[in-house]
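According to mature numbering (1 follows the signal peptide of the UniProt record, and there is no 0), the sequence shown holds residues -25 to -1, 1 to 255 in order.
Read through the structure below, which is laid out as structure tokens, and then see the notes.
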Amino acid sequence: MSALPLGHLSSLVTAALSFSLAAGAGQAGAIPVAAAQAPAAPAGTALVQGRAAATANPLYAAGVLPSVACPAGSIKAGSAASYKAFMTRVARCLGLAWGIQFGKAGLDFTPPELRFATSRVSSPCGKWPAGAGGYYCSSDRTIYIGLTRAVLKNPYGPNHAQFMAHEYAHHVQQLAGILPYYGRAVWRAGTSARLALSRRLELQADCLASAFLRGAAGDLEVTPEHWEAMLEWTARNGHKSWPKNDHGRGSSQAYWMERGFERGAPRACNTFTAPRRVVD
């Protein structure tokens, strides 16, 4: 098996969220990421508000994220069309899995849009975050993915699938009320508390992404050997693109990735009640 391409593990290229408003320009056309029909949601579950949205969300009580068939195919090195097709298929698999999970929790679900960009475009959330290979904008509920030469040189699907699953997890946080709570909390917080909240948000996205990969590992060719290599690489390097420590140390990223993959349930990803030592 080939060595992991160091520039493209999801924990390194996953995006920070921006909450400032600015005009967007220059992005490619949006691709609606359709979700397959999910079971009807049980009636009576209201969207949790405030801090409880992060600490006691209904998603945490909805059980294991369902396994889904995800024949995303492979990526041809250097091919933008191949990369876009792969990432779009993975996003559709994510929509199926999370649509079912939201149905179990009694919450409404709509998939995000997906935009691929060949330059660092702005969005309604502001400028492209520094150090990020892509990002999720809550204002237009869109995942922005960069089409750079470095990305297209790397055909290793599991890395890109983890990256997509992480950005999709931010959409999950938005729909579940976690991201709106975070946005209000960081507005009131000082610098240290703001960074701590950011780490909890990003590490939860790492965990939720890995919970999805657990159920689609076979189709996405996430072998035990490659998964262990991804964890080891992340523990050593995952923090290096985030000098402000707003995404957590590499060891913390690897901890939450492993926890999500092993348990496969959002309950295991409740970073907002976790002790500080595992979210630093």
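Even for Gly, the Cβ is constructed at its ideal location relative to N, Cα and C.
Taking C-beta atoms as the reference points, Asp181 and Met232 count as a pair closer than 8 angstroms. In this model, Ala52 and Leu71 are separated by some 27 angstroms (Cα to Cα). Contact check for Gly152 against Ala243 fails: the beta carbons are separated by 8 angstroms or more. Shown here, Gly53 sits in coil according to DSSP, grouped into three states, outside any helix or strand. Under the three-state reduction of DSSP output, Glu237 falls in the helix class. Ser227 counts as buried, since no fewer than 16 other beta carbons sit within 10 angstroms of its beta carbon.
Between Leu150 and Ala160, the C-beta gap is not smaller than 8 angstroms, which leaves the two residues out of contact.
Ranked by how close their Cα comes to the Cα of Phe91, the residues Ala80, Val126, Cys68, His146 have Val126 in first place.
Looking at the DSSP output, Thr117 shares a beta bridge with Glu88, Cys112. Per the coordinates, the alpha-carbon of Leu82 lies some 30 angstroms from the alpha-carbon of Gly108. Taking Pro250 as reference, the option from Phe187, Pro199, Arg175 with the minimal CA-CA separation is Arg175. Nearest to His146 by C-alpha distance, out of Ala55, Ala66, Ala240, is Ala66. Around the Cβ of Thr248, a 10 Å sphere holds fewer than 16 other Cβ atoms; the residue is exposed.
Collapsing the DSSP output to three states places Gly190 in a helix. The three-state secondary structure of Gly225, taken from DSSP, is helix.
Approximately 6 angstroms separates the beta-carbon atoms of Val254 and Gly223; this is inside 8 angstroms, confirming the contact.
Each residue's CA atom was taken as its position, placing Gly25 and Leu154 some 10 angstroms apart.
In this structure, Ile50 lies away from Ser42, with their beta-carbon atoms at least 8 angstroms apart. Taking 8 angstroms as the cut-off, the beta carbon of Pro241 is found closer than this to the beta carbon of Tyr35. By alpha-carbon distance to Asn134, the top candidate from Gln179, Ser185, Thr117 is Ser185. For Gly225, the CB contacts under 8 angstroms within the same chain, skipping 5 residues up- and downstream, are Ser(-15), Thr209, Ala210, Arg211, Asn212, Gly213, His214, Lys215 in chain order. For the 8 angstroms CB-CB criterion, Ala55 and Leu122 form a contact.
Here the alpha carbon of Ala191 sits roughly 9 angstroms from the alpha carbon of Leu69. Counting along the chain, Trp162 sits inside the alpha helix (DSSP H) bounded by residues 153 to 163. By the CB criterion at 8 angstroms, Phe187 and Leu40 fall inside the cutoff.
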